[in-house]
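Same order as they appear, the protein sequences are chains A and B. Using UniProt numbering, the letters of the first sequence correspond one by one to residues 1 to 162. Using UniProt numbering, the letters of the second sequence correspond one by one to residues 1 to 162. Don't be surprised by glycine CBs; every beta carbon is placed ideally from N, CA and C.
2 protein chains.
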Amino acid sequence: MVGEATVDEAREGLLEELSTVSRRYMASYALFNQAVADHLRLHPTDLQCLNLLTLESGPVTTGRVAELTGLTTGSATRLVDRLERAGYVVRERDASDRRRVLVTMVPERIAEFGQVWRRLGKGWSALFDDLDDSQLGLIIDHMRRTTEFSAAQVARLRAGEV
Amino acid sequence: MVGEATVDEAREGLLEELSTVSRRYMASYALFNQAVADHLRLHPTDLQCLNLLTLESGPVTTGRVAELTGLTTGSATRLVDRLERAGYVVRERDASDRRRVLVTMVPERIAEFGQVWRRLGKGWSALFDDLDDSQLGLIIDHMRRTTEFSAAQVARLRAGEV
DNA sequence: GTACGATCTCTGCGTGGCGCAGAGGAGAGG
DNA sequence: CCTCTCCTCTGCGCCACGCAGAGATCGTAC
């Protein structure tokens, strides 16, 4: 019993530590994103959006941009305005449904900050040098599950359940 | 040689996957933070700040708030204004150096959204049930190192080094 | 074909967070 | 006492955002 208790306590301690570290981790990303955005003379939201667009397969609608970023459709329109003015994306009406507007990334322009990303990511992969593949897989899996969990919690919050 | 090549490719694939998953992970946090902020009728920045304050040991100065959030000192002043008006923190001049203003959290008020956090975190710890302590430690360690790396990159970016 | 409701995007407006630059007040050294 | 520096606050302008309604297009029923 004593043994189990101490094991649980150790476990609690680890989870507590993880909670703390997670928050610092997130905070550091916010600062990082801000710094990169400043460097590229972009609004943080705009950079975040470009980031998300690179994760999508093919063009997306303005409405989808709103979903991805959590903005209203009106604000998404303005966001696409800025990105288009800056030359990162182009608008084109969907031929099959002319109400919709497809946002397509401009490869050359995206490649530009791909360069910045790569330079910044130089030391990043070194962080994993002493990890084997299974450990890498563990981290990937954890992030994936956390992302799903987070999305579910967001849905609950928006539904006003919590 | 062929063997090594495929191993490297597998490794590349894992890192590529991690890169993708990381970005989704970060994006989901941004949405989560936004959703929680909406729920608490707070600005995302304000919530983020409170989050960071709970990670600090004891009161912090307004200047420190600026550092933590990445805002200018002027905006940090306004941020503390909002938090104070909402009752989450109190200001008091530092007795030993009367130029400085110490920002102290109001425990009762913080406890309130501690409740929300706990309810949302209910299923969170379940994400780790099938992980043993060493695996947990691995994730903690990874986050810690990434946080440090990120801070270094931010410093480089701000210094204009890229 | 027409009418009607639903869906998608855009636009005018007001609010408010943010950076910037300078003011005000407090400490440190000559 | 003077100056130099440091910390915080304030006035100002900019612009991202939400909101609500307009405009355009699609689907469906008649």
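Proximal residues, the segment 40-58 of chain B versus chain A, C-beta separation under 7 Å: Q48, N51, L52, L55
Does the segment 21-37 of chain B come within contact of the segment 57-70 of chain A, defined as at least 3 CB pairs closer than 8 Å? yes
Can you list the beta strand (DSSP E) stretches of 3 or more residues lying completely in the segment 59-126 of chain A, in chain order? 89-93, 101-105
Please work out which residues of its chain come closer than 8 Å, Cβ to Cβ, to A/R82, disregarding the five sequence neighbours upstream and downstream, and give them in chain order. Looking up residue 82 of chain A in the first sequence gives position 82. Excluding residues within five positions, the ones whose Cβ falls inside 8 Å are H43, D46.
Segment contact, 8 Å Cβ cut-off, at least three pairs: the segment 136-156 of chain A with the segment 4-23 of chain B: yes
Of the residues B/L127, B/S57, B/G123, the one placed nearest B/M105, counting alpha carbons only: As a first step, residue 105 of chain B must be located in the second sequence, where it is residue number 105. When only C-alpha atoms are compared, the closest one is B/S57.
Just reading off the alpha helix (DSSP H) that B/F128 is part of, what are its end residues? Reading the second sequence from its first residue, position 128 is the one you call residue 128 of chain B. Run containing B/F128: none; DSSP gives neither H nor E here.
Find the residues of chain A that neighbour B/Y88, judging by a C-beta separation of less than 8 Å, and give them in chain order. Translated into positions along the second sequence, residue 88 of chain B becomes position 88. What B/Y88 touches in chain A: nothing, since even the nearest Cβ is about 17 Å away.
When we look at the beta-carbon of A/R96 and count the other beta-carbons within 10 Å, is it buried (16 or more) or exposed? As a working mapping, residue 96 of chain A is identified with position 96 in the first sequence. Note that residue 96 of chain A is Ser in the sequence shown, not Arg. So A/S96 ends up on the exposed side.
Taking the alpha-carbon positions, what's the A/R64 to B/R99 distance? The residue labelled residue 64 of chain A in the question sits at position 64 within the first sequence. The residue labelled residue 99 of chain B in the question sits at position 99 within the second sequence. Spanning the two alpha carbons is a distance of roughly 49 Å.
Check the Cβ of A/M143 against every Cβ in chain B and list those closer than 7 Å, keeping chain order. Here residue 143 of chain A is taken as the residue at index 143 of the first sequence, counted from 1. Going along chain B in sequence order, the residues near A/M143 (Cβ under 7 Å) are V21, S22, Y25.
What's the C-alpha gap between A/R145 and A/Y88? Locating residue 145 of chain A in the first sequence gives position 145, where the first residue counts as 1. Locating residue 88 of chain A in the first sequence gives position 88, where the first residue counts as 1. Taking the straight line joining both Cα atoms gives about 31 Å.
How about B/L127 and A/V154: are their beta carbons less than 7 Å apart? Walking along the second sequence from the start, residue 127 of chain B turns up at place 127. Walking along the first sequence from the start, residue 154 of chain A turns up at place 154. No, Cβ-Cβ distance for B/L127 and A/V154 is not below 7 Å.
Residue-chain proximity (A/S28, chain B), Cβ-Cβ < 7 Å: Indexing the first sequence from 1 puts residue 28 of chain A at position 28. So, interface residue.
Which one of A/D38, A/E161, A/N33, A/R41 has the shortest CA to CA distance from A/L52? Mapped onto the first sequence, residue 52 of chain A falls at position 52. The shortest C-alpha separation from A/L52 is found at A/N33.
For B/R158, which option in A/A10, A/L18, A/Q135, A/H39 has the closest C-alpha, if you only look at C-alpha atoms? Counting from one through the second sequence, the residue named residue 158 of chain B turns up at place 158. It is A/H39 whose Cα lies nearest to the Cα of B/R158.
Beta-carbon proximity of A/L79 to A/C49, cut-off 7 Å: By 1-based counting over the first sequence, the position of residue 79 of chain A is 79. By 1-based counting over the first sequence, the position of residue 49 of chain A is 49. Contact flag set, yes.
Whose C-alpha, out of A/R109, A/A10, A/L131, A/A151, is nearest the C-alpha of B/L18? To locate residue 18 of chain B, count along the second sequence from 1; it is residue 18. With distances taken between Cα atoms, B/L18 lies closest to A/L131.
Assuming the contact rule is C-beta atoms closer than 8 Å, A/T62 and A/V116 should be a hit. Round their C-beta distance to whole Å, please. Taking the first residue of the first sequence as 1, we reach residue 62 of chain A at position 62. Taking the first residue of the first sequence as 1, we reach residue 116 of chain A at position 116. Going by Cβ atoms, the distance from A/T62 to A/V116 rounds to 26 Å, so no, they are not a contact pair.
Could you pull the start and end residues of the alpha helix (DSSP H) that A/L47 belongs to? Translated into positions along the first sequence, residue 47 of chain A becomes position 47. It spans 44-55 - the alpha helix (DSSP H) in which A/L47 sits, taken as one unbroken run.
Just checking: is the beta-carbon of B/V103 within a distance shorter than 7 Å of some beta-carbon in chain A? Counted from its first residue, the second sequence places residue 103 of chain B at position 103. Chain A contact via Cβ: absent.
CA-CA distance, B/R119 and B/S125? Along the second sequence, read from residue 1 onward, the residue named residue 119 of chain B stands at position 119. Along the second sequence, read from residue 1 onward, the residue named residue 125 of chain B stands at position 125. Distance between the alpha carbons of B/R119 and B/S125: 11 Å.
Exposed or buried, what is A/T6 when buried is set at 16 or more other beta-carbons lying within 10 Å of its beta-carbon? Working through the first sequence from its first residue, we reach residue 6 of chain A at position 6. Counting Cβ neighbours within 10 Å, A/T6 comes out exposed, since fewer than 16 surround it.
Are B/R91 and B/E84 touching if we call contact CB-CB under 7 Å? Stepping through the second sequence from its first residue, residue 91 of chain B is reached at position 91. Stepping through the second sequence from its first residue, residue 84 of chain B is reached at position 84. Cβ atoms of B/R91 and B/E84: closer than 7 Å.
With a CB to CB cut of under 7 Å and the five nearest residues on each side skipped, what residues in its chain are close to B/P59? On the second sequence, position 59 is the one that residue 59 of chain B refers to. Once the five neighbours on either side are set aside, the close Cβ partners of B/P59 are L102, V103, T104.
B/D133 and A/A10 look like a contact to me (Cβ under 8 Å); what is the Cβ gap, rounded to whole Å? Translated into the one-based positions of the second sequence, residue 133 of chain B becomes position 133. Translated into the one-based positions of the first sequence, residue 10 of chain A becomes position 10. Between A/A10 and B/D133 the Cβ distance is about 7 Å, and since that is below 8 Å, they are a contact.
Closer than 7 Å to chain A by CB, B/T73: Here residue 73 of chain B corresponds to residue number 73 of the second sequence, with the count starting at 1. Chain A, which has no Cβ nearer than 7 Å to the Cβ of B/T73, makes this no.
Out of A/E16, A/E12, A/T54, which one is the CA nearest neighbour of A/G114? Stepping through the first sequence from its first residue, residue 114 of chain A is reached at position 114. When each option's Cα is compared against that of A/G114, the closest is A/T54.
DSSP three-state assignment for B/G13, whether helix, strand or coil: For the purposes of this step, residue 13 of chain B is taken as residue 13 along the second sequence, with counting starting at 1. Residue state, collapsed to three classes: helix.
Of the residues A/A86, A/R156, A/A37, the one placed nearest A/R109, counting alpha carbons only: Position 109 of the first sequence, counted from the first residue, corresponds to residue 109 of chain A. For A/R109, the nearest C-alpha among the options comes from A/A86.
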